[in-house]
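*Asks:* What follows is a structure written as structure tokens; I'll ask about it next.
Protein chains in written order, with our numbering: chain A, 1 to 239; chain B, 240 to 683.
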């Protein structure tokens, strides 16, 4: 699914070069659930941004879903992000002006999907997260857990092959954490590859594999006995 | 995607109503001032009878003495009017299709013996005045050529004077008193207000046309003196009308309609021949400067549009520029305030181009709203200028006509809105498109 070879990311000022990622090499198989751990400032988010093609990198090679995405144009990177990658953020990042339905609609709009098809995808995604009855609500009218579930619906509405989650439960209470993690596991079981950045070792244990980043370098990998089941099904099947 | 972008733009405007109002006001104020200035400038600089551009000519001859030009500011130009003798001689040429010889006169009219006398700016002119200048008639018509020589007591009234004297009804056949003499109304003009008043710039380039027109024959029959400009250079005794007629004073205006370029050349040769003969007799001692000026040239030579007016248009555009600079700042602030949302959209698959387009549509929407406000403001400003110079005696110095809103103002407003969009919208939209998406995703 994902193959990084010696990928580096350097932030430069006039005087200093800082390696955010140094010679990172990683392979993630399709359908894996990988947790990326590490202390603050270790490069976890940079790793996720590079993986999600939100940032360019300075050296190395990156293949995603069998295609070399190392040197794509902005438009091509945007298309890959839109069609193959879903994002879930710690602070939800819902668009406050748009209601739940329209928030989930955003990535589908950029895919230029016909209206009827978009409606099917949005409805299925909202049913998956259990918020089909809140379509007309604005984000501000929802709880934190509900907002994150909308964000998950938005991330999976376009049926991406890869889901990137940056501390997806960081802003949630313990009850809601369980719901969100349950959803992620359900989505993973349906075949979507998930890479999740987290501080929480307990949550990382629920992933199939853990990867540690320290000072921009991958320092160790641990595989858990519990491997995700490969269902190969679409996300539109409500769970 | 345009419909989607438009919906997002409306939502964005609703989110920041204060900033949105400021942007629309800044664009609207700039466009309003520009449209108002351009409207006035257009009225001043346009050729009100452009369709006769190749046929209608003002006749001028330099009869001034060798030691000083008629116009010290523009020494190459002859005086704007002719002597009576020169005008009447040229009037009898058979070359022109139409000949207009005329000057403005003061008039007092009464619709009956009992009615109150009314001062009416009038014109004594030849019969071709109406056809040469395409003057529209509401009722009746002008007079025939015989009235120019026989002093026939017929009169043509303007639309407004007919309204004042007869309440706007068809007054053809009615009798009025004009300067203590009875005249029969044979024609009433429709609304006619050429701007500039090209055919006589001596009484104000933008004043309203006269209220009454009487045949040329009345000039000598009633010994009518010009109420406009009479310019003399020669020391002469001028106590009587006949002395004025025979003098070197320039006070008669002449326009000719010449059907072709050949006719124009023939007329020019005719004038030059007359000039040469007169020169042998001691007149016309300055270098030959006999002109047939078409309307556009005539307006330019007489500086109907002053350089100050052009400067004013320039200043209006500078003001629009200042407004647009403010708009750029406000749009930048508005767009960058929502940079996090743009970052989210980028993460979800929007390209830079799509973000640019989305924000350009938003800027376009604001520019369109600004242009509507600008149109409304320009109308208000024109009304304010008109009210400021409103003077029934002088017709507002021409401001009444100059401040009429033209349909072309709408075209200007649209053009200025597009210009505003290009100047003020493109850069902020481009900037927001260049924002690195990752920067805001963590911090939103």
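We put the CB at the ideal spot given by N, CA and C, even for glycine.
1. Compile a chain-ordered list of the residues in the segment 128 to 154 of chain A whose CB is closer than 9 angstroms to at least one CB of chain B.
2. Our contact map puts residue 51/A next to residue 2/A with C-beta atoms below 8 angstroms; I'd like the distance itself, whole angstroms only.
3. Can you name the residues of chain A whose CB is closer than 9 angstroms to the CB of residue 592/B?
4. If contacts are defined as beta-carbon pairs under 8 angstroms, then residue 394/B and residue 431/B qualify, I think. What distance do you get, rounded to the angstrom?
5. Give every residue of the same chain whose Cβ lies closer than 8 angstroms to the Cβ of residue 111/A, excluding the five residues on either side of it in the sequence, and list them in chain order.
6. Any Cβ of chain A within less than 9 angstroms of the Cβ of residue 676/B?
7. Could you compute how far the alpha carbon of residue 365/B sits from the alpha carbon of residue 426/B?
8. Does residue 670/B get closer than 9 angstroms to chain A when you measure Cβ to Cβ?
9. Would you list the one or two residues that DSSP bridges to residue 358/B?
10. Listing by chain order, which chain B residues have their CB less than 9 angstroms from the CB of residue 38/A?
11. In its own chain, which residues sit with a C-beta less than 7 angstroms from the C-beta of residue 634/B, not counting the 5 before and 5 after it?
12. Show which residues of chain A have a CB atom less than 7 angstroms away from the CB atom of residue 571/B.
13. Verify whether the separation of the beta carbon atoms of residue 439/B and residue 341/B is less than 9 angstroms.
14. With a threshold of 9 angstroms between beta-carbons, can residue 580/B be considered close to chain A, or not?
15. Among 319/B, 279/B and 594/B, which one has its Cα closest to the Cα of residue 437/B?
16. Reducing DSSP to helix, strand and coil, say where residue 492/B ends up.
17. When the Cα atoms are used, what is the spatial distance from residue 98/A to residue 90/A?
18. Since residue 243/B meets chain A, which of its residues come closer than 7 angstroms, beta carbon to beta carbon?
19. Return the chain-ordered ranges of every alpha helix (DSSP H) run that is complete within the segment 422 to 477 of chain B and spans a minimum of 4 residues.
20. Compare the Cα-Cα distances from residue 649/B to each of 253/B, 256/B, 525/B and 271/B and report the closest residue.
21. Taking the alpha helix (DSSP H) that residue 97/A falls in, what are its first and last residues?
22. For residue 753/B, which residues in the same chain have their Cβ closer than 8 angstroms to its Cβ, ignoring the five residues on either side in sequence?
23. Looking only at DSSP bridge pairs, what is residue 3/A linked to?
24. What residues in its chain sit with their C-beta under 7 angstroms from that of residue 29/A, if we drop five residues either side in the sequence?
25. For residue 535/B, which residues from the same chain have a beta carbon less than 6 angstroms from its beta carbon, with the 5 sequence-adjacent residues on both sides left out?
26. Please identify the residue among 661/B, 557/B and 655/B whose C-alpha is closest to the C-alpha of residue 600/B.
27. For residue 540/B, collect the residues of the same chain with a Cβ closer than 8 angstroms to its Cβ; drop the 5 residues on either side in sequence, then sort them by chain order.
28. Does the beta carbon of residue 328/A come closer than 9 angstroms to any beta carbon on chain B?
29. Counting only runs of 4+ residues fully inside the segment 89 to 162 of chain A, write out the alpha helix (DSSP H) ranges in chain order.
30. Span of the beta strand (DSSP E) holding residue 393/B?
31. Residues of the segment 595 to 625 of chain B in Cβ contact with chain A at a cutoff of 7 angstroms, in chain order, please.
32. Using a Cβ cut-off of 9 angstroms (strictly closer), state whether residue 82/A contacts chain B.
33. If residue 672/B and residue 591/B are in contact, beta carbons under 8 angstroms, what's the gap, nearest whole angstrom?
34. Is the separation between the beta-carbon of residue 262/A and that of residue 38/A shorter than 9 angstroms?
35. Out of 586/B, 667/B and 675/B, state which residue places its alpha-carbon closest to the alpha-carbon of residue 154/A.
36. When the Cβ atoms of the segment 173 to 183 of chain A are set against those of the segment 212 to 219 of chain A, are three or more pairs found closer than 8 angstroms?
*Replies:* In brief:
1. 154
2. For the purposes of this step, residue 51/A is taken as the residue at position 51 of the first chain. For the purposes of this step, residue 2/A is taken as the residue at position 2 of the first chain. Right, the Cβ-Cβ distance comes to about 7 angstroms (below 8 angstroms), so this counts as a contact.
3. Locating residue 592/B in the second chain gives position 353, counting from the first residue. By Cβ distance, chain A contributes 74, 75 and 78.
4. Walking along the second chain from the start, residue 394/B turns up at place 155. Walking along the second chain from the start, residue 431/B turns up at place 192. With 8 angstroms as the limit, residue 394/B and residue 431/B do not qualify as a contact, their Cβ atoms being about 16 angstroms apart.
5. Here residue 111/A corresponds to residue number 111 of the first chain, with the count starting at 1. 82, 83 and 158.
6. Translated into positions along the second chain, residue 676/B becomes position 437. Yes, residue 676/B counts as interfacial toward chain A.
7. In the second chain, counting from the first residue as 1, residue 365/B sits at position 126. In the second chain, counting from the first residue as 1, residue 426/B sits at position 187. Looking at the two C-alpha atoms, the distance is approximately 15 angstroms.
8. Numbered from its first residue, the second chain carries residue 670/B at position 431. Closer than 9 angstroms: no.
9. The residue you call residue 358/B lines up with position 119 of the second chain. In DSSP, residue 358/B forms a bridge with 347/B.
10. Your numbering for residue 38/A matches position 38 in the first chain. What residue 38/A touches in chain B: nothing, since even the nearest Cβ is about 15 angstroms away.
11. The sequence position of residue 634/B within the second chain is 395, counting from 1. Its pLDDT being 49, under 50, residue 634/B is placed unreliably in this model, and the value from its coordinates should be taken loosely. Counting only Cβ-Cβ distances below 7 angstroms, and skipping sequence neighbours, we find 446 and 447.
12. The residue you call residue 571/B lines up with position 332 of the second chain. Those do not exist, as residue 571/B stays about 19 angstroms from chain A at its closest Cβ, beyond 7 angstroms.
13. Residue 439/B sits at position 200 when you count from the first residue of the second chain. Residue 341/B sits at position 102 when you count from the first residue of the second chain. Cβ distance < 9 angstroms, so residue 439/B and residue 341/B count as in contact.
14. Within the second chain, the letter at position 341 stands for residue 580/B. Yes, residue 580/B counts as interfacial toward chain A.
15. Reading the second chain from its first residue, position 198 is the one you call residue 437/B. The shortest C-alpha separation from residue 437/B is found at 319/B.
16. For the purposes of this step, residue 492/B is identified with residue 253 of the second chain, where counting begins at 1. Residue 492/B: strand per DSSP, three-state reduction.
17. Locating residue 98/A in the first chain gives position 98, counting from the first residue. Locating residue 90/A in the first chain gives position 90, counting from the first residue. Going by the C-alpha atoms only, they are around 19 angstroms apart.
18. Taking the first residue of the second chain as position 1, residue 243/B is located at position 4. What residue 243/B touches in chain A: 109.
19. 457 to 460
20. Working through the second chain from its first residue, we reach residue 649/B at position 410. It is 271/B whose Cα lies nearest to the Cα of residue 649/B.
21. Within the first chain, residue 97/A is the residue found at index 97, counting from 1. Per DSSP, residue 97/A belongs to no alpha helix (DSSP H) and is neither H nor E.
22. Residue numbering for chain B in the displayed model covers 240 to 683; residue 753/B lies beyond these limits and cannot be assessed.
23. For the purposes of this step, residue 3/A is taken as the residue at position 3 of the first chain. Paired residue(s): 27/A and 63/A.
24. Counting from one through the first chain, the residue named residue 29/A turns up at place 29. Counting only Cβ-Cβ distances below 7 angstroms, and skipping sequence neighbours, we find 1.
25. Sequence index remark: in the second chain, residue 535/B carries index 296 (1-based). 286.
26. For the purposes of this step, residue 600/B is taken as the residue at position 361 of the second chain. Measuring from the Cα of residue 600/B, the nearest candidate turns out to be 661/B.
27. Position 301 of the second chain, counting from 1, holds the residue named residue 540/B. 313, 316 and 532, listed in sequence order.
28. Since the first residue of chain A shown is 1 and the last is 239, residue 328/A is not available in this structure.
29. 100 to 110, 115 to 128 and 144 to 157
30. Counted from its first residue, the second chain places residue 393/B at position 154. Start and end: 393 to 396.
31. none
32. Translated into the one-based positions of the first chain, residue 82/A becomes position 82. Yes, contact with chain B.
33. Here residue 672/B refers to the residue found at position 433 when the second chain is read from its first residue. Here residue 591/B refers to the residue found at position 352 when the second chain is read from its first residue. The Cβ separation is near 4 angstroms, so the contact holds.
34. Chain A is shown from 1 up to 239; residue 262/A falls before or after that span and cannot be answered.
35. As a first step, residue 154/A must be located in the first chain, where it is residue number 154. Closest option to residue 154/A, Cα to Cα, is 586/B.
36. no
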